[in-house]
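Numbering (full-length UniProt numbering), first residue to last: 1 to 438. Report on the structure given below.
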């Protein structure tokens with residue numbers, strides 16, 4: 001464990017990435033929710049200062065999709081003006097709103113490319129990354145422990161760190177709400193373990209990382225009210241479990257029996273509790289919001305498979321949403337929360353990165369999603385080195401979370417993790433090619 005210039009740079013960027021409820025939000029709006037936006041100019045200077053700027057294949061895919069999003073947004077600015085004879089939608093100029101929305105993917109690209117370049121350029125000292133990641137894990141462990149204690153009291157835990165100085169009765173770390181914490185925890189549970197194995201670190205820090213990872217998972221699982229966290233963890237680990245079971249006949253048979261019993265018990269409980277479950281679904285504002293948003297997103301995609309860009313999203317998403325809410329499709333659900341989206345462009349979203357982008361980029365987003373996320377997971381799955389299992393789990397979790405219940409626009413922890421995985425995948429392939437040619 002060392003503390004030098006590189007470790008400090010890693011720590012600053014990582015801390016800024018996991019801080020997602022920065023009070024600057026109250027001054028400049030949603031883009032100020034993370035201090036990463038303040039670091040972006042400095043990161044851009046570093047990127048441009050390199051004699052040659054090297055992009056990974058994943059970064060190239062991202063850049064192509066970003067350029068397409070800009071192009072389609074410009075096209076739909078014109079279309080929106082022709083249709084509505086105004087550039088003002090829900091009391092906001094759609095040119096200004098489009099420019100605001102474009103800041104997020106640009107900052108994301110700068111962050112991704114900075115971390116990719118900085119780690120690649122200093123890979124010979126990759127232990128510095130481990131030092132920064134393990135110190136971040138230590139900070140999260142301490143922060144989570146104290147926050148859990150304050151959940152039992154009426155006192156607000158460190159209100160000056162958040163945009164709203166109100167009591168929050170769930171674990172949220174340095175984010176606005178609990179649903180945002182899942183990716184941060186999973187990344188800093190498994191990434192340190194990966195680095196421990198990759199760097200073959202022994203002794204105190206090895207056991208420190210193991211114990212903290214176990215503690216973080218158990219402590220959060222016991223107090224969490226997030227409905228999707230444990231389910232996504234299960235789905236993230238399942239492919240690795242199945243691949244391991246293929247090699248062991250006894251465990252495979254045991255697993256099949258356990259799954260059969262689980263299905264029987266689950267089916268029985270579902271039948272017995274069907275009325276309660278149905279009532280929960282129909283009265284839940286969260287479910288009503290997400291279900292209506294997904295239907296709206298798919299409808300916009302069907303109407304315009306090429307995507308509508310950021311400008312078209314601001315114009316047409318509320319219109320299609322209003323049509324969906326007035327139809328009989330979602331009458332049985334609690335729609336109080338989502339009706340608020342019809343009067344303002346603030347927080348206008350499906351609350352899902354996948355379904356937001358499906359409207360922005362259409363078919364081109366689906367192609368990008370496969371090339372950037374799915375293909376990355378499939379490539380890591382082909383690596384037989386057991387160390388890389390600890391990268392696949394947080395990758396699977398982050399991708400599924402982006403489909404189910406989070407957006408990525410200020411989830412900079414996810415983008416840093418993807419950049420790190422990108423570098424290690426590249427180094428593995430280079431080493432493999434060298435070994436095969438020698």
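Cβ atoms here follow ideal geometry from the backbone N, Cα and C, with glycine treated the same way.
Query                                                                                                               : Result
Nearest to residue 225 (by Cα), restricted to the options 192, 213, 209, 168                                        : 168
Test item: CB-CB of residue 197 and residue 387 under 8 Å                                                           : yes
Reference residue 69, options 232, 358, 260, closest by Cα                                                          : 358
Per DSSP, the bridge partner or partners of residue 92                                                              : 89
Cutoff 8 Å; reference residue 366; Cβ partners in own chain excluding five residues on either side                  : 358
Residue 257 to residue 108 span [Cα, whole Å]                                                                       : 45 Å
Residue 412 classed as buried or exposed, judged by whether at least 16 other C-beta atoms fall within 10 angstroms : buried
Residue 431 (DSSP reduced to helix, strand or coil)                                                                 : helix
Reduced DSSP secondary structure (H/G/I, E/B, other) of residue 128                                                 : helix
N-terminal and C-terminal residue of the alpha helix (DSSP H) that residue 356 is part of                           : 353-361
Own chain, CB closer than 7 Å to residue 229, minus 5 neighbours either side, in chain order                        : 182
Separation of residue 90 from residue 318, as counted between CA atoms                                              : 9 Å
Three-state secondary structure (DSSP) of residue 331                                                               : coil
Cβ neighbour criterion (16 or more within 10 Å) applied to residue 146                                              : exposed
Distance CB(residue 75)-CB(residue 31) smaller than 8 Å                                                             : no
Outcome for residue 7 when other beta-carbon atoms lying within 10 angstroms are tallied against a minimum of 16    : buried
Cβ distance (whole Å) where residue 314 is taken to contact residue 348 below 8 Å                                   : 7 Å
Alpha helix (DSSP H) segment containing residue 317, residue limits                                                 : 309-326
Residue 144 and residue 38 closer than 8 Å at C-beta                                                                : no
Cβ neighbour criterion (16 or more within 10 Å) applied to residue 153                                              : exposed
N-terminal and C-terminal residue of the alpha helix (DSSP H) that residue 50 is part of                            : First-last for residue 50: undefined, no H or E at that position.
Cβ pair residue 337, residue 289 closer than 8 Å                                                                    : yes
Unbroken alpha helix (DSSP H) run spanning residue 410, endpoints                                                   : Run containing residue 410: none; DSSP gives neither H nor E here.
Inter-residue spacing [alpha-carbon to alpha-carbon] between residue 264 and residue 393                            : 28 Å
Touch test, the region 120-136 against the region 201-215, Cβ-Cβ under 8 Å, three pairs minimum                     : yes
Short Cβ contact (8 Å threshold) for residue 116 with residue 49                                                    : no
Cα-Cα separation between residue 22 and residue 165, rounded to whole angstroms                                     : 12 Å
Cα-Cα separation between residue 187 and residue 355, rounded to whole angstroms                                    : 23 Å
For residue 9 and residue 293, the rounded distance between their alpha carbons                                     : 39 Å
Buried or exposed (CB count within 10 angstroms, at least 16 for buried), residue 407                               : buried
Limits of the alpha helix (DSSP H) - the one that residue 221 falls within                                          : 204-223
Residue 19 beta carbon less than 8 Å from that of residue 174                                                       : yes
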